[in-house]
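Notes for the one structure printed next.
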Amino acid sequence: MNKNHRFLIGLVGVTAVVTYLIWTGVSKTMVYYLTPTELLAQVIEDPTLHDLGLKVSGRVVRGSWVADETGGLEHHFRVEDLEDPSVSFPVVYRNLLPDTFNDSDEHVEVVVEGRFRQDGVFEATEVLTKCGSRYEAAPEAVT
Amino acid sequence: MTILGELALWIAFPVALFGTVLAFVGGRQQRGDLVLSAERAVYAVFGLLTLASAGIVAAFLGDRFEYWYVWNYSNRELDVFYKAAGLWAGQRGSLLFWVLLLAMFSVIAVFTNRKKNREFMPYVTGVLLTVITFFLCVLLFAEVNPFEQLPFAQADGRGLNPQLQNYWMTIHPPTLYLGFTAFTIPFAFAISALLTGRLDSRWLVIIRKWTLLSWFFLSVGVIFGMRWAYEELGWGGYWFWDPVENASLLPWLTATAFLHSVMIQENRGMLKVWNMGLVTLTWTLTIFATFLTRSGLIESVHSFATNSTIALIFLAFLGVTVSVSILLIIWRYDDLKAENEIQSFASREAAFLLNNLLLLGIAFAVFWGTIFPLIGEALTGKKVSVGPGFFNSVNAPLGMVLLGLMGVGPVIAWRRATKRNIKKNFFMPLGVGLGVFALLVALGSRQWMSLITFGLSAFVFTVIAVEFFKGTKARARIEGSAPPTALLHLVSRNRRRWGGYIVHVGIVMIFTAFAAASFKMELIQTLEPGESVTIESPFGHTYTLTYQGVSTALRTRNMEWQAQALLTVARNGKPVGSITTEKRMYLTYPAPVTEVGIRSTAFEDLYVILANAEDLGRALSNDAGGQRATFEVQINPLVGWIWYGGLMVAFGAMVGLWPSKGSLAEHRSKATPREATREPVGVTV
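Line by line, the protein sequences give chains D and V. With numbering that gives the first Met the number 0 applied, the first sequence corresponds to residues 0 to 142, in that order. With numbering that gives the first Met the number 0 applied, the second sequence corresponds to residues 0 to 684, in that order.
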C-alpha cells in the first residue's frame, strides 16, 4: 500500500459511511410538507400517501377541540386550510398540546406531523403551533 | 444619551471604513504610520459602539417607547434586569451587540499585539475592520437600525416574550455571541498569514488561545441554551435539532476539529491546507449562524421574522469572503505543503485525522439535514423535511466512534504505535469498558446503542484516569511531594494537555447522559386533588406523586392570572418533598406559559408539566369542584450529567486558557518545527 494514500483512504471511508448514514436517515425519516387542500386532493390520486410521514400546516377550526380523558388523554380537533377554510380534516393526538394551542377566535396556526389514516383521521405524533408573527419563540429570538 | 448613541453609530461607520482602507494600504506599502492610524480606528470604533449600545440600554431603562425596538421588546412593567438585557432581545439590538463584542475582541487583539507580531497586524486589523464595517453597513442601511423611531411615541411597549424572561436569557445569547465573535480573530490571523506569506506555525501559536477562548464560549453557550430549553420550553428535552440550534452547533463542531488538527500541524508539520480551511469554515459558520435565524431562509416553526434583504446581504458577504479565502489558499498552495506523511493507521496523527473527518462528517450531516427542505424542494418540487429522527440516526453512530477515539488519541504514540504501546495503554481500559457493557447486559438491558455508549464512556474515562494517576505518581516521585501537590504541578506544567483531558471527562459525562435518555420514563395522568400517580424509575425505585390542588392568583403586577399546582412526592412510599408546576397568563402575551416543576438528584430528574387544560378555567373562577388537572410526569435519568459535564468542559477549557509563566518560552520552542522530525515531503493535505 502506498503510504501517501492513507489519508485518502480514510477520507473516502468516512465519506462513504457518512453518505450511507445520510441516505438511510433521509429515506427513513423524510416527511412531506402539505397543505390540507393538497393532502385531501393527493390522497385520492395516490393512496400510498396513507403510509408516508406527513407534515400538514393549517389552522385550528374554531370550536373543534375536544379533550377526551376517558381511557387516557386524547385530543380531537380539526385543521382547516389557511386559504380555503372549507377544506378541513380531523386530527387525533395523544399527548400534551402546546400552551399556545386553542380553538378560539385567535386562529392558531398549527403544523401537525404524523400519518393520515385510511379512515380519514390524521393521527398526529407532533403538534406545533405558530402564534402571531411578532412572538418569536425563545432561543431563536436571540441566537 | 440615546441621541448620542445613534450619532455614535453613524460616526463609527466611516471611521471603520476609513480604518479598513488605511490598514490594507499600510500593509501593502509597509507604512507603519498608516497601520498605527488603522489600529487607532479600532479603538475609536469600539468606543463609539460602546456609546451606541449604552444608548440602546438607556432607551430601554428610560422606557423610551418612541423607539420601535424598545417598544417591541419591552414595557413599563418589565424587570430592570430584562430591560438591560433588551440589547440582545431582538434582531436589531443583537446585531449591534454582535459588532460591539467583535470590536471589543479586536481592541484586545490589537492592544496585546502592539509590540509583537507586528508583521501580521496590518492585515489582521484590516480583516477585523472589514467585518466590523460590514456589520455597521447592515445595521445602518438594511432597515434594521435599532434607533429607528416610530411616527408617534407609544404610551407603553408590547412587552418581552415571557419565554425570554428567564435568567438564562440574560446569559445564554451573550455567551454564544462571545464565542462567535472571538473566532474572527483566528480568521483574521489566517488571512494575514496567507497575505503576508508567513505560513510557518507562528500564526497558529498566536491564535491558539483565541481559538480555545472562542471554543470555551461556544461550548458554554450551547450548554446554557440546552439548559434554558429544558427549564423553559417545557417538553422535557433539551435539544430539538431546530435549524437555529443546529446553526450554533456547526461552528462548535468545526472549531473542535481545528483544536485537534492544529496539534498535528504543530507536531508533524502536516495538514496545513486543512487547518487553513477549518479556520475559514468555522468563521463562515459563525456568520451563517448569526444570520440564519432571521433570514426566513429555512422554514422553522420558531422563525417568524423574515427579512430577505438581510439574507441576501449576508449570503453575498459569505460568498465573497469564502471565495477570497479559497483563492488565497490556492495562491499560497506551494507554501502549504506537508512536511511529513502518515506512517501508520496505528498512530496518534491517524487517530486525530479520523477524529477530524468524523467531526466534519457530523457537521456535514447536520448542515445537510438543516438545509434539506431547500434542497428537497429544488430537486423534487415538493416540500419535504427531516426531523430529529434523521439527526439522531446519523449522528449517534458517528458520535460513538468519536467517543471511542477520545480514549485512543491521548495515549497512542505519534508516528507509529508499537504493539507494546498499544498493549500497555489499552489492555486495562478496554477491560473496564467491556466489563461495564457486560454488567449492564447481565442486568437485563437491551438498549444496545446506549449500552455500547456506556461501555465506551467507561473505557475513555479509565484511559484518562490512568493517565492522571501515572502522571501524578511520576511527579510525586520526582518532587518527593504529596499526591495533591504533585497533581497540581503536573497540570500546571502542561495545562493544554491536562486541561484537554478534563474537557474529555466532561464530554464523556455528556455522552453518558445522552445515552441514558433512552431510559426515560413518561406518563400522562388526569388527577383530582388527593389522587396519586406512580412512576417507576429506571433505577428501580418508584415515585408516587399526590396532587394537592391548584392555588390561583388573579391580576398580579404583570400577569392576568397564575395557577400553581402542588404535588407531594414520595420515593418508595417515603415522603421526600413536593413539586410545583404552574401556568401563567402574562398581560402582554396571548397564550399561557408553563413553568415546569423539576426535582433534581444526582442521577435523575423528576420533571412535571401541568397540561394546558380547560379545567384550569374552573379553578381560576374558584369553582370548588374544579380542581381537576392533567399532568405529564417524566423521569429523566442522568440528565443532570449534561450540566455537570458542561461545567467540567468549561473548567478544562479554563485550565487550558490560564496564562502560565513559562508559556512564552514553551511557545517559542514549539513554534519552530524540530528538524529531527522533518522528513521528505509526503502527503499534501
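All residues carry an ideal CB built from backbone N, CA and C; glycine is no exception.
Cα-Cα separation between residue i and residue j, rounded to whole angstroms
i	j	result
residue 101 of chain V	residue 206 of chain V	16 Å
residue 53 of chain D	residue 513 of chain V	27 Å
residue 606 of chain V	residue 308 of chain V	42 Å
residue 301 of chain V	residue 28 of chain V	Bear in mind that the predicted position of residue 301 of chain V carries a pLDDT of just 44, short of 50, making it unreliable; the figure below should be weighed with that in mind. Using only the alpha carbons, I get a separation of about 50 Å.
residue 468 of chain V	residue 436 of chain V	24 Å
residue 431 of chain V	residue 594 of chain V	42 Å
residue 58 of chain V	residue 13 of chain V	24 Å
residue 421 of chain V	residue 343 of chain V	13 Å
residue 668 of chain V	residue 493 of chain V	At residue 668 of chain V, the pLDDT of 45 sits below 50, so the modelled position is not reliable and the matter cannot be decided from this model.
residue 116 of chain D	residue 125 of chain D	15 Å
residue 138 of chain D	residue 86 of chain V	The predicted model places residue 138 of chain D with a pLDDT of 34, which falls under 50 and marks its position as unreliable; any figure quoted below should be read in that light. So the alpha carbons of these two residues sit roughly 15 Å apart.
residue 488 of chain V	residue 30 of chain V	46 Å
residue 53 of chain V	residue 1 of chain V	8 Å
residue 304 of chain V	residue 82 of chain V	Any reading at residue 304 of chain V must be qualified, since the residue scores a pLDDT of 45, below 50, and its modelled position is unreliable; no value is offered.
residue 653 of chain V	residue 458 of chain V	25 Å
residue 232 of chain V	residue 10 of chain D	40 Å
residue 49 of chain V	residue 357 of chain V	41 Å
residue 602 of chain V	residue 501 of chain V	21 Å
residue 576 of chain V	residue 634 of chain V	16 Å
residue 299 of chain V	residue 244 of chain V	Because the pLDDT of residue 299 of chain V is 47, which lies under 50, any placement of that residue in the model is unreliable, and the number read from its coordinates should be weighed accordingly. Their backbone Cα atoms lie some 11 Å apart in a straight line.
residue 120 of chain D	residue 627 of chain V	29 Å
residue 597 of chain V	residue 96 of chain D	20 Å
residue 8 of chain V	residue 258 of chain V	36 Å
residue 145 of chain V	residue 98 of chain V	13 Å
residue 135 of chain V	residue 91 of chain V	11 Å
Closer than 9 Å at the beta carbon, the chain D residues around residue i
i	result
residue 534 of chain V	Going along chain D, no residue has its Cβ under 9 Å from residue 534 of chain V, so there is no contact; the nearest lies around 15 Å.
residue 356 of chain V	9, 10, 12, 13, 14 and 17
residue 629 of chain V	66, 68, 72 and 95
residue 523 of chain V	71, 72, 93, 94 and 95
Range of the contiguous beta strand (DSSP E) that encloses residue i
i	result
residue 210 of chain V	Residue 210 of chain V -> not in any beta strand (DSSP E); alpha helix (DSSP H) instead, spanning 201-227.
residue 628 of chain V	628-636
residue 269 of chain V	Counting along the chain, residue 269 of chain V falls outside any beta strand (DSSP E), and DSSP gives it neither H nor E.
residue 560 of chain V	558-570
residue 434 of chain V	Note, residue 434 of chain V: premise wrong, no beta strand (DSSP E); alpha helix (DSSP H) at 418-441.
residue 542 of chain V	541-553
residue 585 of chain V	573-585
residue 605 of chain V	603-609
residue 27 of chain V	Careful: residue 27 of chain V lies outside any beta strand (DSSP E), inside the alpha helix (DSSP H) at 1-27.
Contact list for residue i against chain V, beta-carbon separation under 7 Å
i	result
residue 21 of chain D	364, 367 and 393
residue 99 of chain D	590
Contacts that residue i makes with chain D (C-beta to C-beta distance below 7 Å)
i	result
residue 480 of chain V	Ordered by position in chain D, no residue passes the 7 Å Cβ test against residue 480 of chain V, which lies about 43 Å from the chain.
residue 389 of chain V	24, 25 and 28
residue 260 of chain V	Within chain D, no residue comes near residue 260 of chain V; the closest Cβ sits about 12 Å away, beyond 7 Å.
residue 608 of chain V	95
residue 281 of chain V	Ordered by position in chain D, no residue passes the 7 Å Cβ test against residue 281 of chain V, which lies about 17 Å from the chain.
residue 381 of chain V	31
Segment limits, alpha helix (DSSP H) that includes residue i
i	result
residue 689 of chain V	Because residue 689 of chain V is not part of the residues shown, which for chain V are 0 to 684, the question remains open.
residue 103 of chain V	90-111
residue 411 of chain V	Looking at the DSSP string, residue 411 of chain V is not in any alpha helix (DSSP H), and its letter there is neither H nor E.
residue 48 of chain V	31-60
residue 169 of chain V	166-181
residue 486 of chain V	482-492
residue 82 of chain V	79-83
Chain D contact residues for residue i, given Cβ-Cβ distances below 8 Å
i	result
residue 658 of chain V	Here the premise fails: no neighbours, minimum Cβ distance about 31 Å.
residue 360 of chain V	13, 14, 16 and 17
residue 385 of chain V	24, 25, 28, 29 and 30
- Query: Is the segment 221-239 of chain V close to the segment 195-204 of chain V, with three or more CB pairs under 8 Å?
  - Reply: In the pairwise beta carbon analysis, the segment 221-239 of chain V is classified as not touching the segment 195-204 of chain V: fewer than three pairs are separated by under 8 Å.
- Query: Should the segment 549-562 of chain V be regarded as contacting the segment 580-593 of chain V, the criterion being three or more beta carbon pairs within less than 8 Å?
  - Reply: The answer is yes - the segment 580-593 of chain V touches the segment 549-562 of chain V, with three or more Cβ pairs under 8 Å.
- Message: Quick test of the definition: if touching needs 3 or more C-beta pairs under 8 Å, does the segment 58-67 of chain V touch the segment 112-126 of chain V?
- Response: No, the segment 58-67 of chain V is not in contact with the segment 112-126 of chain V.
- Hey, which unbroken runs of the alpha helix (DSSP H) at 4 residues or more fall wholly within the segment 341-401 of chain V? Correct list: 347-379.
- Can we say the segment 169-187 of chain V touches the segment 208-216 of chain V, given the rule of at least three CB pairs closer than 8 Å? Judged by Cβ distances under 8 Å, the segment 169-187 of chain V makes contact with the segment 208-216 of chain V, as three or more pairs qualify.
- Message: Quick check: the segment 54-64 of chain D against the segment 106-114 of chain D, are at least 3 beta-carbon pairs closer than 8 Å?
- Response: As far as the Cβ criterion goes, the segment 106-114 of chain D touches the segment 54-64 of chain D, which means the pair count is three or higher.
- Message: Three or more C-beta pairs under 8 Å: does that hold for the segment 385-399 of chain V against the segment 11-28 of chain D?
- Response: Counting Cβ pairs under 8 Å, three or more are found: they touch.
- Message: Any contact between the segment 542-551 of chain V and the segment 563-575 of chain V? By contact I mean 3 or more CB pairs, one from each, below 8 Å.
- Response: Touching, per the Cβ criterion.
- Message: Under 8 Å: do the segment 317-324 of chain V and the segment 149-162 of chain V share three or more Cβ pairs, one atom per stretch?
- Response: The segment 317-324 of chain V, when compared against the segment 149-162 of chain V, does not touch it at the 8 Å Cβ threshold.
- Query: What are the complete alpha helix (DSSP H) segments, minimum 4 residues, inside the segment 16-97 of chain D?
  - Reply: Uninterrupted alpha helix (DSSP H) stretches at least 4 residues long and entirely within the segment 16-97 of chain D occur at 35-44, given in chain order.
- Message: Assess contact between the segment 92-109 of chain V and the segment 43-51 of chain V, defined as three or more Cβ pairs (one per stretch) separated by less than 8 Å. Is contact present?
- Response: Cβ pair count under 8 Å is three or more, so yes.
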